[in-house]
Structures are given as C-alpha cells and as structure tokens.
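S.K.: Take this structure first; my questions come after.
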Amino acid sequence: MLLQMTMKKLKTSMIVGLGIATLAGCFPKASEVIRSLPVENKEQILAKYNQAEIAEGQVLFTSNCAKCHKLKEPESRTPEQWNKTLKRMIPKAKLNDRDGQLVRAYLIVNAKES
Numbered sequence: 000m001l002l003q004m005t006m007k008k009l010k011t012s013m014i015v016g017l018g019i020a021t022l023a024g025c026f027p028k029a030s031e032v033i034r035s036l037p038v039e040n041k042e043q044i045l046a047k048y049n050q051a052e053i054a055e056g057q058v059l060f061t062s063n064c065a066k067c068h069k070l071k072e073p074e075s076r077t078p079e080q081w082n083k084t085l086k087r088m089i090p091k092a093k094l095n096d097r098d099g100q101l102v103r104a105y106l107i108v109n110a111k112e113s
C-alpha cells in the first residue's frame, strides 16, 4: 500500500514537472542580438538606418504589434523605455532579429526625449 502511494506521488510529480517544463518552453526569450542591443539615441539610429528602413520598421510595428494590443504612440516612451519593452515584446511578436531591429529603430527615432 505504501509503495503504491509513493509511486502515485512520484507519477504525479513527474507529470507536474513535465507540464512546467512544457509551459516554460512556450514563453519566447529574446535572441541574444535583441537582448544585447545598447540603448541608442536618435542620432545613432539615423546613422545606422536609412529612411526606407525606418519606414519599414513603422510598417512592421503597425502590422505586427496591433495584432495583440492597442499600439502605443512612439513618442509615449523614451528610447530607454522602448528598448526595455522591445526586449520582451519582439520575441512575443515572433519577429526575427532584423525586423525587430527595424521596429526598434522606428520607435527610437520617434521616441520622446530622455
């Protein structure tokens, strides 16, 4: 009887553990590229990206981010705030590194001053 109860507890523990491991894998983590991006100012972004890339970032922001929630205005946050938010949201939107960087460039160029 005791062995049967121990086996049942072991089985339950294994099922719970597998469930937790499965759920943890469902939450995306930012790629190393996105997580390692420094906070850049508008001038640095404009030196790295041309107007076409920034416009592409706007299209990506509008088309991807609005799928899940109301869009925030770019000027509602500072570059530091956008950088922190995007490290979490880019993986959730399933954007690749390049597209994530373009969205980030668009938002930082149009962000409020720090």
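Residue numbers are given in numbering that gives the first Met the number 0: position 57 of the sequence shown equals residue 56, and the series is strictly consecutive.
Ideal Cβ placement from N, Cα and C applies to all residues, glycine included.
1) Do you know how far the Cα of residue 60 is from the Cα of residue 44?
2) For residue 86 and residue 99, I'd like the C-alpha separation in whole angstroms.
3) With burial defined as no fewer than 16 other Cβ atoms inside 10 Å of the residue's Cβ, what is the status of residue 89: buried or exposed?
4) Could you tell me the distance, in whole angstroms, from the CA atom of residue 106 to the CA atom of residue 77?
5) Using only alpha-carbon positions, find the residue among 51, 30, 36 and 56 that is nearest to residue 101.
M.R.: In short, the structure shows the following:
1) 16 Å
2) 9 Å
3) buried
4) 9 Å
5) 56
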